[in-house]
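Residue numbers (our numbering), protein chains in the order written: chain L, 1 to 299; chain Z, 300 to 598.
Note that CB positions come from ideal geometry on N, CA and C, so glycine has one too.
As the structure is a computational prediction, the values presented were derived from the model and not from experiment.
Notes to accompany the following structure.
2 protein chains.
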Amino acid sequence: MTSKSLDAMVGARIFFKCENLQKTGSFKIRGATNAIFSLSDQEISRGIVTQSSGNHGAAVACAAAWRGVPAWIVMPKNAAAVKRLAIEGYGGRVTLCEPTMTSRNEASHRIQAETGALMIHPYDDDRVIAGQATAGKEFLEEIGDLDAVFAPVSGGGLLSGTCLGAKGVRPQVQVFGCEPAQADDAYRSLETGTLQTLDSSNTIADGLRASLSPRTFAILRENVNAILRVSEVEIIAATRLVWERMKIIVEPSSAVAIAPLLKEGGVAGLGLPSRPDGDRWKLGVIFSGGNVDLSALPF
Amino acid sequence: MTSKSLDAMVGARIFFKCENLQKTGSFKIRGATNAIFSLSDQEISRGIVTQSSGNHGAAVACAAAWRGVPAWIVMPKNAAAVKRLAIEGYGGRVTLCEPTMTSRNEASHRIQAETGALMIHPYDDDRVIAGQATAGKEFLEEIGDLDAVFAPVSGGGLLSGTCLGAKGVRPQVQVFGCEPAQADDAYRSLETGTLQTLDSSNTIADGLRASLSPRTFAILRENVNAILRVSEVEIIAATRLVWERMKIIVEPSSAVAIAPLLKEGGVAGLGLPSRPDGDRWKLGVIFSGGNVDLSALPF
Numbered sequence: 001m002t003s004k005s006l007d008a009m010v011g012a013r014i015f016f017k018c019e020n021l022q023k024t025g026s027f028k029i030r031g032a033t034n035a036i037f038s039l040s041d042q043e044i045s046r047g048i049v050t051q052s053s054g055n056h057g058a059a060v061a062c063a064a065a066w067r068g069v070p071a072w073i074v075m076p077k078n079a080a081a082v083k084r085l086a087i088e089g090y091g092g093r094v095t096l097c098e099p100t101m102t103s104r105n106e107a108s109h110r111i112q113a114e115t116g117a118l119m120i121h122p123y124d125d126d127r128v129i130a131g132q133a134t135a136g137k138e139f140l141e142e143i144g145d146l147d148a149v150f151a152p153v154s155g156g157g158l159l160s161g162t163c164l165g166a167k168g169v170r171p172q173v174q175v176f177g178c179e180p181a182q183a184d185d186a187y188r189s190l191e192t193g194t195l196q197t198l199d200s201s202n203t204i205a206d207g208l209r210a211s212l213s214p215r216t217f218a219i220l221r222e223n224v225n226a227i228l229r230v231s232e233v234e235i236i237a238a239t240r241l242v243w244e245r246m247k248i249i250v251e252p253s254s255a256v257a258i259a260p261l262l263k264e265g266g267v268a269g270l271g272l273p274s275r276p277d278g279d280r281w282k283l284g285v286i287f288s289g290g291n292v293d294l295s296a297l298p299f
Numbered sequence: 300m301t302s303k304s305l306d307a308m309v310g311a312r313i314f315f316k317c318e319n320l321q322k323t324g325s326f327k328i329r330g331a332t333n334a335i336f337s338l339s340d341q342e343i344s345r346g347i348v349t350q351s352s353g354n355h356g357a358a359v360a361c362a363a364a365w366r367g368v369p370a371w372i373v374m375p376k377n378a379a380a381v382k383r384l385a386i387e388g389y390g391g392r393v394t395l396c397e398p399t400m401t402s403r404n405e406a407s408h409r410i411q412a413e414t415g416a417l418m419i420h421p422y423d424d425d426r427v428i429a430g431q432a433t434a435g436k437e438f439l440e441e442i443g444d445l446d447a448v449f450a451p452v453s454g455g456g457l458l459s460g461t462c463l464g465a466k467g468v469r470p471q472v473q474v475f476g477c478e479p480a481q482a483d484d485a486y487r488s489l490e491t492g493t494l495q496t497l498d499s500s501n502t503i504a505d506g507l508r509a510s511l512s513p514r515t516f517a518i519l520r521e522n523v524n525a526i527l528r529v530s531e532v533e534i535i536a537a538t539r540l541v542w543e544r545m546k547i548i549v550e551p552s553s554a555v556a557i558a559p560l561l562k563e564g565g566v567a568g569l570g571l572p573s574r575p576d577g578d579r580w581k582l583g584v585i586f587s588g589g590n591v592d593l594s595a596l597p598f
């Protein structure tokens, strides 16, 4: 999608990859599908298990249903009811646990032991990253001369995939990760050169509360151009702006990818090379998802 | 757009014409553009005036700017601030009046007298109706074997245009108008055979509070298959469902066009003929606009 009014605000030509309109409402279906359809009939015969309070859980439930195998989704008790309903709507079998890492791990290990189901990690998995990479690949195949692509970063599955997919098609394209300042482990990891984790975060961008894994960190160190941080106020304002101007529902986690461009001088500050055609930069923004609890909007 | 989950709920194959994604956020730009570009340079030299608290005002302001002439928009004092800002953003010159018909008419006649601007009525105008008709025409050109098309009805510009545009391409397509039960002047007009007006209505579908004109009534009597009425609760539930499942922002006035199909037995009750291919009906739904005040949502 495009938006003349957002172009005018940002001073560039922006192309939006709308993964909010994707099956299950987020890009996560790309990685889940690729992982689940990469397995042999024998490997997958006992089904799939994963831990997720959100989009990855719905994607795994949906992709498992397409493959015709059961999916167990471990989610914390305090996850939003609409997310549980969505997962069950795709045929996922929900197991509730306490909202702690220990409880989540215990529950999923118990399910693995009892059922023989395979675990599919939301991002620390090459097949998942390769699946997410298709968004950036499609983007550059469609808009061949993008100067830069912007994607949100949490565990780094989408961002590392975007680096590989977009730069695989056009090596000179720059890729920027966008992150809430309140959950800036990716920024700190790249600054310090060592993997930083996030103790906890309450950012409104609830899809961006995870930390990089060694696998995604290694890909980002090699390939990402920079990580851009935005405040909670900027995230909420960007979310609302997209809803009002583009008439599409994006999660706050998605709006994080446009928020840095809406800052005063945001684009000029990136140091992008001038275009050979002398025209305004062509920028790609990946909206990662659109699953929002309409009963709890920040505006 | 299409939605597998809405198809499953309704028991049909539904195609959505998303005028919420149209320039200025509604179908109104079709009629305004056609009317304004139908005028000679001399006719239009003094500009355009219209009365509108909403989407028609924004459309006229935008189309007048494209034509390079001034547009005066008379709106009631109590119109939402965001609508005024949108109109001014397109370069429209807003004149506020009291929220009464008398005050609106006085203000627009005064502007006509002072400036020589031409009045463009929101729907009682053949050029406007012809412009709105392009939505239904495009719909049938794209999905050639639709069994029926559903559009909201207020003053009847969109619905009468849809009858002409859709049946012009495919005479056997059925066209249904959808209307809030709280503002059912079109239903009552067609039932009684005489033009009924609406004293006032407070329906949440704020784009559907106008009454038919003799011109639109005459077209509907000849061409529309039926008017379907929905309650306020059904409108709000349909709006929320579209937001949640389709991830697009539609006004309650838009959701009125899908709400009748979501009722138990809603489609079967229409008496549509079976398809030659024996498959489920193919239905077209026109989402008329997406301009919503996000500060005043009904959920």
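Same chain, Cβ closer than 7 Å to residue i, neighbours up to 5 away in sequence not counted
i              : result
E248 (chain Z) : Nothing about residue 248 (chain Z) can be reported from this structure: the residues present for chain Z run from 300 to 598 only.
P273 (chain L) : none
Coil, strand or helix - residue i by DSSP
i              : result
E397 (chain Z) : coil
E264 (chain L) : coil
F37 (chain L)  : helix
V584 (chain Z) : strand
A358 (chain Z) : helix
A450 (chain Z) : strand
K327 (chain Z) : helix
L64 (chain L)  : The identity of residue 64 (chain L) in the sequence shown is Ala, whereas the question assumes Leu. Helix at A64 (chain L).
L140 (chain L) : helix
T194 (chain L) : coil
P252 (chain L) : helix
G290 (chain L) : coil
Q112 (chain L) : helix
M418 (chain Z) : strand
K316 (chain Z) : strand
V523 (chain Z) : coil
T216 (chain L) : helix
T134 (chain L) : helix
Q350 (chain Z) : strand
G11 (chain L)  : coil
G388 (chain Z) : helix
Rounded distance between the beta-carbons of residue j and residue i, thought under 8 Å
i              : j              : result
V69 (chain L)  : C97 (chain L)  : With 8 Å as the limit, V69 (chain L) and C97 (chain L) do not qualify as a contact, their Cβ atoms being about 22 Å apart.
L463 (chain Z) : D484 (chain Z) : Actually they are not in contact, since the Cβ atoms of L463 (chain Z) and D484 (chain Z) sit about 21 Å apart, beyond 8 Å.
V250 (chain L) : G290 (chain L) : 5 Å
M308 (chain Z) : L561 (chain Z) : 6 Å
P421 (chain Z) : G454 (chain Z) : 6 Å
A79 (chain L)  : I48 (chain L)  : Going by Cβ atoms, the distance from A79 (chain L) to I48 (chain L) rounds to 19 Å, so no, they are not a contact pair.
8 Å Cβ cutoff, residue i in contact with chain L
i              : result
N404 (chain Z) : no
G589 (chain Z) : yes
L320 (chain Z) : yes
Chain Z within 8 Å of residue i, Cβ atoms only
i              : result
G11 (chain L)  : no
L294 (chain L) : yes
L262 (chain L) : no
A85 (chain L)  : Per the sequence shown, residue 85 (chain L) should be read as Leu rather than Ala. No, its Cβ sits nowhere closer than 8 Å to a Cβ of chain Z.
F299 (chain L) : yes
heavy atom of the ligand COA below 7 Å from residue i C-beta
i              : result
L489 (chain Z) : Judged by which ligands are present, the structure shown has none, so any question about the ligand COA falls away.
Own chain partners of residue i with C-beta closer than 8 Å, once the 5 adjacent residues on each side are dropped
i              : result
R300 (chain L) : Nothing about residue 300 (chain L) can be read from this structure; chain L reaches only from 1 to 299.
R245 (chain L) : S3, S5 and L6
I518 (chain Z) : I428, G455, S459, C462 and L463
E106 (chain L) : C97
A509 (chain Z) : P421, Y422, S453, G454 and L497
Close Cβ partners of residue i (< 6 Å) along its chain, the five nearest in sequence each way excluded
i              : result
F516 (chain Z) : S488 and L494
G161 (chain L) : I129, Q132 and A133
A205 (chain L) : P180, I235, P252, S253 and V256
I44 (chain L)  : V69
S150 (chain L) : Ser is not the amino acid found at residue 150 (chain L); the sequence shown has Phe there. F176, C178, A257 and V285.
R84 (chain L)  : V94
_To be precise: take each residue of the segment 236-259 of chain L, compare its Cβ to all Cβ atoms of chain Z, and keep it if any distance is under 7 Å. Which residues remain?_
So the list reads R240, W243, E244, K247, I248 and I249, given in the order they occur along the chain.
*Using a beta-carbon distance cut-off of less than 7 Å, what residues from the segment 495-515 of chain Z approach chain L?*
Identification of residues in the segment 495-515 of chain Z having a C-beta nearer than 7 Å to some C-beta of chain L yields an empty set.
*Along the segment 25-42 of chain L, what residues have a CB closer than 7 Å to any CB found in chain Z?*
G25
*Contact residues within the segment 153-171 of chain L, judged by C-beta distance below 8 Å to chain Z*: none
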